[in-house]
Each structure stands twice: as structure tokens, then as C-alpha cells.
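Chains as they are written, first to last, in the numbering used here: chain Z, -5 to 138; chain W, -5 to 138; chain D, -5 to 138.
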């Protein structure tokens, strides 16, 4: 009989500055994996909201700044956006940036820990034009 | 003893116009989650085909138009593509766009419903140059 | 009583040339799915390391070359990068490219095989400036 599988879900949020701003959320993921008791499986992450995204990068100030600049090139804040014509909330570029980056990510769990590269951190990105707390739903599925 | 986990799989497709064209498929995802009976877990989505992709955005006409334009900038249809030299099917840019956006997405399930932001919808994108029905494979894993 | 679910995890790596370079890893995914015995579920893939990524594309030489060129446009190697000022390892663009493409992917498993389009292959991308073996963690969850 195989070991019993189960699901463990948690949400967390982190304060971020006006976008594009990034936070390393690997410690939160590691903590939730430990709390779940899952030793083998995956942590499935989804950023909640249409102006946030998730990816991985080497979390050091230079690479973070480079990524911010590349994100701004994908959808520059100073261009006209159709979203603005209706909503006038100034974040047309934020929606486009977040959609291109994508809201979800899968992190493998091995021996009860996230299995990533040594210099590969999970980052949560706020693309909105205001400082905001941004939330992540974590779905952990696996076995003890 | 933990509640029993199970997997529920379904496919659906939707008609889309020539790309880039988007449809809000959140209702289909919600319906399949309900049909599965899963209350806690995740819906894992994969667009079938190499000229389709999935992401989330606020599904209102302005943001949708902005995303279409950003997608066209990533791989403009009016540039030369190596794919054309062999296949002459006019969709070299479609393949590049779909590969950059990515075919898969994870939607958390909480209390039997997709847990996303209020203005965050799941969108299926056709990048091909013809109108096509585009399919999505949905793998739901979780517990009652 | 539903069929028992289980998790099966494997890692594989493939040699890649200096980036951007791509390999079709669909055969490896199919082999690991077969080895797992899972007939219905999903294969969750994560590229290990901050200068690698995963997506799908029609794996033919033209589309592969087109994707490489689009990736180089997203973060051109010949621009200045803040990452360089600290690390001087010449791969600032590699980190940005990999973060924009994203490290993870979900492949549905149906009847014991990956369910993708006929011309849709899973590709692993090395963005680093040196030839490297790049690894992928595969988490398969499903039922027999």
C-alpha cells in the first residue's frame, strides 16, 4: 500500500512597493512546506490578483534591477493603454506585464524542502502602480 | 486518516477568432471544479497545441486589447520567420508568441471554487492565423 | 472507493550548448510517466537553476531558431546589466530571459501518456553563456 497522499493549503501575503517591485518568497514557501509535513510532492503557487506575478530568479540586487527594467520594456508605463480609457486608474501596463509573466509556478518538494537551484529564488512581483500587500495561494500535494 | 484524494480530468474547447484572440474560460474551469466534487486542491490547465497559451488578466475590453498589442510586439506577424521558409503556413509568429506566453497554469481550488482575484480571469489565447477551436486539458487533484 | 493516488518523482538532465539553446525533452517526460505507472494525472516540471526555463513549441529547426531570436530580443546579450557590475560573469541577460520565460510547466497525463498537441513538444532552454547540463525535476501525481 502506497503512503497516503494529502493536500495542504495556505495563503500568505507580503508588502510590496509600487511596481515593478519584487520580493523573495522562498522562505515563506519553505515554511509552509515544513508545516504541511509533505516530504515528496509539489508546491503549486498562484499569485492572487491581475497585477501580480510569480517567477524565479537569482535574488541579488543587480539581477532584480535588470528584471524590473525588462518588465518595463515589455509594457512601458508611459505608453497609451485602452484600459485607461475606461478605468483611468493608471495601471494598464500593470495588467499587461502581469499577464505576460504569468501568475503560477510549481516548486518541487524533495526531502521536505523546495528543490531549486542554489541561486534560484521564488519571487513575487507587484506590477500595480501603488504599494500593495500581494497574496499567494499555496497548494501542497504529496506524501509524508 | 486524511480525506481521500482523487483526480478528475476533463477537456473543453472554445471557438476563437484569428490570433491573437482571447476568451475568458473561468466559467468552464468553475464548472469542471464543481463537477469534480473537489473542495480543496488545484486545477492544472494545459492548452493543447503549439499556437495556444493560457494566462490570467482582468477580462475587460481595454486590457484585452492592450494584451493583444503587447503579444504582437513580442513576435510581430510582419517580420520574417525561419518557420516560414520550411512550412509556408504564415504562422511563424504564432509559434513564438505561444512559446513565450506558455501553455500551462495552476488555479487553486478553495471551498469548491477557483480562488483568484475578483478581477482576475483565466484566459485562453489563440495565436494562430486562422479561427480555431482551442482545447484545454484540465487536471483536478484534491479532496472532497 | 477511488483508485489510490500516488506521487512519483525523478530528475533528469540534458547537455545544452551556450544559450539560448533548446532541447526537446518530451521523450524523457514520456519515459518517466511510463516508469511511474500513472495513467491519469499530471507531470509537473521545474527547471533547476536560475538561467534555465521550460515551455512548449513545435520542435522544428525554423521555429526553434525563431524562438531563440525572440528570446535574445527580450534581453539582448549586448546591453549593460546591473548583474554584471557585481558578478562579472557575463550572464545578466541569461537571468532576465529565464525569469521572463519561467521555470515550470504542467503536462497532463492521459492513458499513461503526455497529452499535448501533435506538433507540441516540451522544450528545456539553457540561457546561460556556457554549455551546461541542465536539470529538470519531474513530479508526477495521479492514479493507475
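All C-beta atoms in this analysis are idealised placements derived from N, C-alpha and C, irrespective of residue type, glycine included.
Please read these numbers as outputs of a predicted model, since none were measured by experiment.
Terminal residues of the continuous beta strand (DSSP E) containing residue i?
i, result
"residue 9 (chain D)", "-1 to 10"
From residue i to residue j, what does the alpha carbon distance come to, in whole angstroms?
i, j, result
"residue 133 (chain W)", "residue 79 (chain D)", "44 Å"
"residue 7 (chain W)", "residue 127 (chain W)", "6 Å"
"residue 75 (chain Z)", "residue 102 (chain Z)", "38 Å"
"residue 59 (chain W)", "residue 118 (chain W)", "14 Å"
"residue 51 (chain W)", "residue 64 (chain W)", "13 Å"
"residue 106 (chain Z)", "residue 25 (chain Z)", "10 Å"
"residue 3 (chain D)", "residue 38 (chain W)", "18 Å"
"residue 44 (chain D)", "residue 129 (chain D)", "11 Å"
"residue 31 (chain W)", "residue 9 (chain D)", "43 Å"
"residue 124 (chain W)", "residue 99 (chain W)", "24 Å"
"residue 149 (chain D)", "residue -1 (chain D)", "No answer is possible for residue 149 (chain D): the residues shown for chain D start at -5 and end at 138."
"residue 81 (chain W)", "residue 46 (chain W)", "18 Å"
"residue 139 (chain D)", "residue 16 (chain W)", "Because chain D here runs from -5 to 138, residue 139 (chain D) falls outside it and cannot be looked at."
"residue 57 (chain D)", "residue 49 (chain Z)", "25 Å"
"residue 22 (chain W)", "residue 12 (chain W)", "21 Å"
"residue 28 (chain Z)", "residue 138 (chain Z)", "11 Å"
"residue 86 (chain Z)", "residue 20 (chain W)", "21 Å"
"residue 1 (chain W)", "residue 33 (chain D)", "11 Å"
"residue 104 (chain D)", "residue 83 (chain D)", "43 Å"
"residue 5 (chain Z)", "residue 77 (chain W)", "43 Å"
"residue 96 (chain Z)", "residue 96 (chain D)", "8 Å"
"residue 73 (chain D)", "residue 131 (chain Z)", "36 Å"
"residue 42 (chain D)", "residue 53 (chain D)", "22 Å"
"residue 109 (chain Z)", "residue 108 (chain D)", "23 Å"
Assuming residue i contacts residue j under a Cβ cut-off of 8 Å, what Cβ separation, rounded to an integer in Å, is found between them?
i, j, result
"residue 147 (chain D)", "residue 111 (chain D)", "With chain D represented from -5 up to 138, any question about residue 147 (chain D) goes unanswered, as that position is not in the structure."
"residue 14 (chain Z)", "residue 121 (chain Z)", "6 Å"
"residue 18 (chain Z)", "residue 115 (chain Z)", "5 Å"
Ends of the alpha helix (DSSP H) at residue i?
i, result
"residue 33 (chain W)", "Per DSSP, residue 33 (chain W) belongs to no alpha helix (DSSP H) and is neither H nor E."
Just checking residue i against the ligand SAH - is the residue's beta carbon closer than 7 Å to any of the ligand's heavy atoms?
i, result
"residue 122 (chain Z)", "Ligands in the displayed structure: none, and consequently the ligand SAH is not present."
Subject >> 3 or more residues per run - each beta strand (DSSP E) lying fully within the region 100 to 135 of chain Z >> reply: With a minimum length of 3 residues, the unbroken runs of beta strand (DSSP E) contained wholly in the region 100 to 135 of chain Z fall at 115 to 120.
**OP:** List in chain order: all unbroken alpha helix (DSSP H) runs of 4+ residues lying wholly within the region 43 to 94 of chain W.
**Re:** Complete alpha helix (DSSP H) runs here, min 4: 55 to 68, 76 to 81.
**OP:** Could you tell me whether the region 56 to 69 of chain W touches the region 87 to 102 of chain W, where touching means 3 or more Cβ pairs closer than 8 Å?
**Re:** With the cut-off at 8 Å, the region 56 to 69 of chain W and the region 87 to 102 of chain W touch.
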